[in-house]
Each structure stands twice: as C-alpha cells, then as structure tokens.
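Asks:
Number of protein chains: 2
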Amino acid sequence: MSPKQWEVVYAGRMSAAAKQTGRAAPRGRMDKRQAILAAAFDVFARRGYAQAGVDEVAAEAGVAKATVYNHFGDKETLLREAIAASAEEATAKNLAAVERLVDSGGDPRELLEDVGFRLIQCYCDEQSWALRRLLYAELAHLPDLLEIVQVRASARVRQALADRLARLALAGRLRITDPDAAVEQLSALLTGPLEARAEWGTRRLSAAEMRQVATAAIDTFLHAFGSRA
Amino acid sequence: MSPKQWEVVYAGRMSAAAKQTGRAAPRGRMDKRQAILAAAFDVFARRGYAQAGVDEVAAEAGVAKATVYNHFGDKETLLREAIAASAEEATAKNLAAVERLVDSGGDPRELLEDVGFRLIQCYCDEQSWALRRLLYAELAHLPDLLEIVQVRASARVRQALADRLARLALAGRLRITDPDAAVEQLSALLTGPLEARAEWGTRRLSAAEMRQVATAAIDTFLHAFGSRA
DNA sequence: AATGATTTAGACTCATCAGTCTAGTTTGAT
DNA sequence: ATCAAACTAGACTGATGAGTCTAAATCATT
Chain A
864 MSPKQWEVVY
874 AGRMSAAAKQ
884 TGRAAPRGRM
894 DKRQAILAAA
904 FDVFARRGYA
914 QAGVDEVAAE
924 AGVAKATVYN
934 HFGDKETLLR
944 EAIAASAEEA
954 TAKNLAAVER
964 LVDSGGDPRE
974 LLEDVGFRLI
984 QCYCDEQSWA
994 LRRLLYAELA
1004 HLPDLLEIVQ
1014 VRASARVRQA
1024 LADRLARLAL
1034 AGRLRITDPD
1044 AAVEQLSALL
1054 TGPLEARAEW
1064 GTRRLSAAEM
1074 RQVATAAIDT
1084 FLHAFGSRA
Chain B
864 MSPKQWEVVY
874 AGRMSAAAKQ
884 TGRAAPRGRM
894 DKRQAILAAA
904 FDVFARRGYA
914 QAGVDEVAAE
924 AGVAKATVYN
934 HFGDKETLLR
944 EAIAASAEEA
954 TAKNLAAVER
964 LVDSGGDPRE
974 LLEDVGFRLI
984 QCYCDEQSWA
994 LRRLLYAELA
1004 HLPDLLEIVQ
1014 VRASARVRQA
1024 LADRLARLAL
1034 AGRLRITDPD
1044 AAVEQLSALL
1054 TGPLEARAEW
1064 GTRRLSAAEM
1074 RQVATAAIDT
1084 FLHAFGSRA
C-alpha cells in the first residue's frame, strides 16, 4: 500500500473516533496502530486483561512496548480501544445479516431462518465470544465498557432488526404490534440456546447445529408472530 | 452452635467433596471455612479474580491469611471452591422454583407465569449475576470451571424443568413432543431478554419489569407449545 | 490441667509487570 | 539531502501480591 492510502485510512478513523468519543486524536503510523489493536484484543481475549502483559501485546503486534504507550497512553485505554474496535467490527457483520431481511414475496419462514442462521453465525464467531467474555469479565471494574458495546453495537443491531420486522408486519407477512418486543423475543430465541450448546464459547458449533437452533427459534417465533398463526 | 453440630456439617461436606472431586479433604474448623468461602466469592465477584488479593479475602472473612492457605492451599483452589459453593446455592433456589411447576387443574398460563417469574428472580439475583460474570471471565484459563457449573447447576435445573414440562404435556395441558427442546426455548425466552434489560447485571430490575418479561416469555411459549394454540 | 491441632499477626521472599527513560535507528515528507 | 516525528531494544523503577515462615495465642478434647 502507498503512503497516500494509509493517510486516507488514518484520517477516516481519526475523524470517526473524534466525533464519537472526543478522545485525544491517535498519534503515530496507522498500520502499527491497527496491528496493536488486533494483537491487544487477541492477547486480552486469550489471557484476560489482568493476566495479559503489555510486553506480550507489543511482541504479538511486532512492535516495541514504547510504541504501544505512544499510541494508547496506558493499558486501560488500550483495552477500551481494542474492545471498541472489535465491537464495531462485529456490529458491521450483524448489520449485514439484518440487511438481508427484506420481503421478497415468498414464505417469510424461509427468509427469517436464513437471517437467523446468519445472525447465529455472527454470534458464534470466535471473536464474538471473546468480546462477550472480555466484556463480562471487566464490566465490574470498568463500567463504561457497557456503554461502548451497548450503544455502539447491541442497540444498533436491535434497532435495525426492529425496523425490518416492522416493514414485514406492515406488508402483512407478520402479525406484530410492538416491533421492539418482537425483537426481544426473537433474539432471545436465537441466541439463548447458544450459551449452553456452545458451552459458553468453549465449543465450536457445526453449521448443522446452528441451522437447527435457527429453525427451532423461527418456528417458535412464527407461532407467536406469524400472520397465519 | 455446639461443636457436635459443626462436626456433622464438616463430615457431610467432606464426603461430598471427596466423592465429587477427589481433592484432598478440607482441614480446619468449619465456621472459618464457610466464612472464607463467602468472603472469597464476594471479593472475587467485586474485583475480579486477578485483582482480588488473598489478604483482602482474609480480611473480609475476619481471618488470618495463613488460615486461608491452611484451608485451600492456593488462590486458584479457593476460587474453584467458592464458585462451586455459590453455584450449589443458586441451583437450590432454582430447583425450588421449578418444584412449584405442578398441574393444579387451572390455566397453565398462570402457573407458568408464576414459575417463570420466580426463575427470573433467581437469575437476577446479585449473586447469580456475579457468578456468571466470574465464570465468563475465568473460563478462558480455567476451563474446568465449566464442568462445575454446567453439570452441577445448569444441567440439573434444565433436567428438572424438562421433567415438569413432560408431566404437564402428559396431562394434556401442553402440546410438547420434545421436552428438552421445549425447555431450551422456554429458558431462552425467560433469560434472554434479561441480559440487555439488566445491562449485564449492572442494573437492578424492578419486580414489575421481571413480571413483564415473564409474561411476554410465557405468552410466546404458549403460542408454540400451548394445547389450545 | 494437659495436649495437639488450629489460628493469628506480621515480617519476609520472590516474581511479575505497568510505565519510564535513554540513546540510537528508521521513515516520510519536503 | 535533510529534518522531525515515529520507532526500536532494552535497562530500570516501583508497586503489588502470592505464598512462606515464625513464635505466640487460642481452642477442643481428654
């Protein structure tokens, strides 16, 4: 990649970060910064925040420890930024799945099963499990992590899903009075069974098993919210 | 309490622990042991495993640090035992709720809503959130915690619930083919919405809100599994 | 009262690790 | 080619905390 292109990425991220958080603008070269964030997330996810050493992150990022401190100031900020970046990434994938929820005239069951399956795939992604683990783990002493993930990830996906369900209801494909309540039930049905089945993220699920969970979830959902119930 | 009574408790716990884990028998006086376990869980839950100091646990238990080591050998064992004890306690409460699920001839909706509400109350207990947080947090580097909680807590409650649902189905109050699948859907509907609503355990839910979640869950559940669907 | 096990306060060792500092090297832009 | 900013290796400090040890005190039992 040429220097010009890096600049574009750099400027893009800077303005986004500035708008959203008002934090001091990141300094230093962008490729290093990205590498550090990725390494930090991996190491934190693998070892836990307290057990992870900044030296270790630096080593995995192929960077000197001082560079980490030059970019992020301290370990806590590094965690926050790594989590925020990872959450952003995961959200994008989730939104892409929700976007497929458009009425194409066919049986809504098939459509919902497809989108449900895709959402389950997102949820079962290794990084996704790691993100939730990290969040749960550090929530007690870094309560502001919640805001990062809830506002910038979870709430956005729910909002998008509610919008799509509302449109399907308006088109007569579903019988929904409160789209938010419907989303609440749907996402519970989709993700609830995964905790136990995937053994809280320690076991990989086969595509078949994920499909099965999606089918069961949509079946129950349609009994409650389908138009020809 | 008299010394005799302590002996009884002591022996009881020893044999149970020996059967289940094969760990070395606990030594020392039982009241101290209990106090340490309770304090350890509190401190670990409040600060996280790595951030918690054994000195801190000892202080909160009103005990010398050496006593902690005399009872549990090291910090990791202390965590395991504290989690196991807490999980046992939580399971007992859950099972008590499930036990109320008996056909009394009336509308099954009311019955299910009552039991659902009670299960939600258990789930939203401060200690219950702390337990899940701790579990999630340390699962990555102590995988055997999963077995403790899954086998001795989660699975037992699901089993009991499946049994009760099967009896209701047999009595014609529900239309269920696979009780395990029904339990999976039901518990997803009951607990799924709580994560977001309780902001992952950082916010206390009102009884009214818990009731509302229970009502919505049972409503959806009965659309799918009620006999006069 | 005697005894053996348990508990206690607190000092102590040793390892780990966040964060700093230094002195020299690389890099990108002009 | 030059310059300033970014990067590097690695030594260093200071704090924290797990686990041990000791000598005295307390407890339960006989």
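Chains as they are written, first to last, in the working numbering: chain A, 864 to 1092; chain B, 864 to 1092.
For glycine and all other residues, C-beta sits at the position ideal for the given N, C-alpha and C.
Note that the coordinates shown come from a computational prediction; the quantities given were computed from them, not determined experimentally.
1. Closer than 8 Å by beta-carbon distance: list the chain B residues that pair up with A/Ala1000, in chain order.
2. Are the CB atoms of B/Gly1089 and B/Leu1037 nearer to each other than 8 Å?
3. Using a Cβ-Cβ cutoff of less than 8 Å, which residues in the same chain neighbour B/Val917 once the five nearest sequence positions on both sides are dropped?
4. Taking 7 Å as the limit between beta carbons, can you name the residues of its chain near A/Tyr986, skipping five residues before and five after?
5. Using a beta-carbon distance below 8 Å, is A/Thr940 in contact with chain B?
6. Can you grab the Cα-Cα spacing for the pair B/Glu1001 / A/Phe907, in whole Å?
7. What is the DSSP secondary structure of B/Arg911, reduced to helix, strand or coil?
8. Give a yes or no on whether the C-beta atoms belonging to B/Ile899 and B/Ala950 are separated by under 8 Å.
9. By the 9 Å beta-carbon criterion, what residues does the stretch 1031 to 1055 of chain A contribute toward chain B?
10. Between the alpha carbons of B/Ser865 and B/Ala1070, how many angstroms are there, rounded?
11. Provide the residue(s) that pair with B/Gly925 in DSSP beta bridges, ordered along the chain.
12. Is there contact here, the stretch 1008 to 1025 of chain B with the stretch 1021 to 1035 of chain A, by at least three beta-carbon pairs under 8 Å?
13. Looking at chain A, is there any beta carbon in it that lies within less than 8 Å of the beta carbon of B/Ser1017?
14. Taking A/Ala945 as the query, report the chain B residues whose CB atoms sit under 9 Å from its CB, ordered along the chain.
15. Count the other C-beta atoms from every protein chain shown that fall within 10 angstroms of the C-beta of A/Leu975, then say buried if there are 16 or more, exposed otherwise.
16. Work out the CA separation of A/Arg972 and B/Gln914 for me, nearest whole Å.
17. Taking only beta-carbon positions, decide if A/Pro971 is within less than 8 Å of chain B.
18. Could you compute how far the alpha carbon of A/Ser991 sits from the alpha carbon of B/Asp988?
19. Taking only beta-carbon atoms, is B/Ala1087 less than 8 Å away from chain A?
20. B/Gln1013 touches chain A at which residues, Cβ-Cβ below 9 Å?
21. Can you pull the chain B neighbours of A/Ala1071, defined as C-beta to C-beta under 7 Å?
22. Of the choices B/Ala953, B/Ala901 and B/Tyr912, whose alpha-carbon is the least far from that of B/Gly925?
23. Within the continuous alpha helix (DSSP H) that includes B/Glu1010, where are the two ends?
24. Quick one: list the residues of chain B neighbouring A/Gln914, beta-carbon separation under 8 Å, in chain order.
25. Just to confirm my understanding: we take B/Ala1034, look at its own chain, exclude 5 residues before and 5 after, and list those with CB closer than 8 Å. What are they?
26. Grab me the residues of B/Tyr999's own chain with a C-beta within less than 8 Å of its C-beta, minus the 5 sequence neighbours each way, in chain order.
27. Roughly how far, in whole angstroms, is the beta-carbon of A/Leu994 from the beta-carbon of A/Ile946, given that I think they are within contact range, below 8 Å?
28. DSSP three-state label for B/Gly1089, please.
29. Are the C-beta of A/Arg1074 and some C-beta of chain B separated by less than 8 Å?
30. Please compile the residues from chain A whose C-beta is within a distance smaller than 7 Å of the C-beta of B/Thr1083.
31. Give the residues of chain B in contact with A/Leu1009, contact being defined as C-beta atoms less than 8 Å apart.
32. What are the boundary residues of the alpha helix (DSSP H) that A/Asp988 is part of?
33. Which residues does DSSP list as the beta-bridge partners of B/Leu1037?
34. Classify A/Ser967 as helix, strand or coil using the three-state DSSP reduction.
35. Could you name the residues of chain B that A/Ala1079 contacts, counting a contact when the two beta carbons are closer than 8 Å?
36. Determine the direct distance from the alpha carbon of A/Val1014 to that of B/Ala1059, and round the result to whole angstroms.
Replies: In short, the structure shows the following:
1. Around A/Ala1000, the beta-carbon contacts reaching into chain B at under 8 Å are Gly911, Arg996, Tyr999, Ala1000 and Glu1001.
2. The answer is yes: Cβ separation under 8 Å.
3. Lys928, Val931, Tyr932, Lys938 and Leu941, listed in sequence order.
4. For A/Tyr986, where only same-chain residues beyond five positions count, the Cβ hits under 7 Å are Thr1054 and Leu1057.
5. A/Thr940 does not count as touching chain B.
6. Going by the C-alpha atoms only, they are around 12 Å apart.
7. One point to set straight first is that residue 911 of chain B is Gly, not Arg, in the sequence displayed. If DSSP states are grouped into helix, strand and coil, B/Gly911 belongs with coil.
8. Note that the C-beta distance between B/Ile899 and B/Ala950 is not below 8 Å.
9. For the stretch 1031 to 1055 of chain A, the set of positions with a beta-carbon nearer than 9 Å to some beta-carbon of chain B reads Ala1044, Glu1047, Gln1048, Ser1050, Ala1051, Leu1052, Leu1053, Thr1054 and Gly1055 in chain order.
10. Annotation note: pLDDT 35 at B/Ser865 (below 50); position unreliable, coordinate value reported separately. Per the coordinates, the alpha-carbon of B/Ser865 lies some 40 Å from the alpha-carbon of B/Ala1070.
11. Paired residues: none, contrary to the question.
12. A contact between stretches requires three or more CB pairs, one per stretch, nearer than 8 Å, and the stretch 1008 to 1025 of chain B fails this requirement with the stretch 1021 to 1035 of chain A.
13. Among the residues facing chain A, B/Ser1017 is included, as its CB has a counterpart in that chain under 8 Å away.
14. Neighbours of A/Ala945 on chain B: none; closest Cβ ~15 Å, over 9 Å.
15. Buried, since its Cβ has 16 or more Cβ neighbours within 10 Å.
16. Using only the alpha carbons, I get a separation of about 48 Å.
17. Using beta-carbon distances, A/Pro971 does not count as an interface residue toward chain B, since no partner is under 8 Å.
18. Straight-line spacing of the CA atoms in A/Ser991 and B/Asp988 works out to 26 Å.
19. So yes, B/Ala1087 belongs to the interface.
20. Near B/Gln1013 (Cβ distances below 9 Å), the residues of chain A are Ala1059, Glu1062 and Trp1063.
21. Result: empty, since nearest Cβ-Cβ is about 16 Å, beyond 7 Å.
22. Of the candidates B/Ala953, B/Ala901 and B/Tyr912, B/Ala901 places its Cα closest to the Cα of B/Gly925.
23. In the DSSP annotation of this structure, the continuous segment of the alpha helix (DSSP H) that includes B/Glu1010 starts and ends at Asp1007 to Val1012.
24. Near A/Gln914 (Cβ distances below 8 Å), the residues of chain B are Ala913 and His1004.
25. Excluding positions up to five away in sequence, the list reads Asp966.
26. Once the five neighbours on either side are set aside, B/Tyr999 has no close Cβ partner at all.
27. Correct: roughly 7 Å between the Cβ atoms.
28. Looking at B/Gly1089 - three-state DSSP - the assignment turns out to be strand.
29. It does not: the Cβ of A/Arg1074 has no partner Cβ on chain B nearer than 8 Å.
30. Ordered by position in chain A, the residues that pass the 7 Å Cβ test against B/Thr1083 are Gln1048, Thr1083 and Ala1087.
31. Under the 8 Å cutoff, chain B gives Glu1062, Trp1063 and Thr1065.
32. Where A/Asp988 is concerned, there is no enclosing alpha helix (DSSP H), given that its DSSP letter is neither H nor E.
33. Beta-bridge pairing links B/Leu1037 to B/Gly1089.
34. Three-state DSSP puts A/Ser967 in coil, outside helix and strand.
35. By Cβ distance, chain B contributes Ala1044, Glu1047 and Gln1048.
36. Going by the C-alpha atoms only, they are around 11 Å apart.
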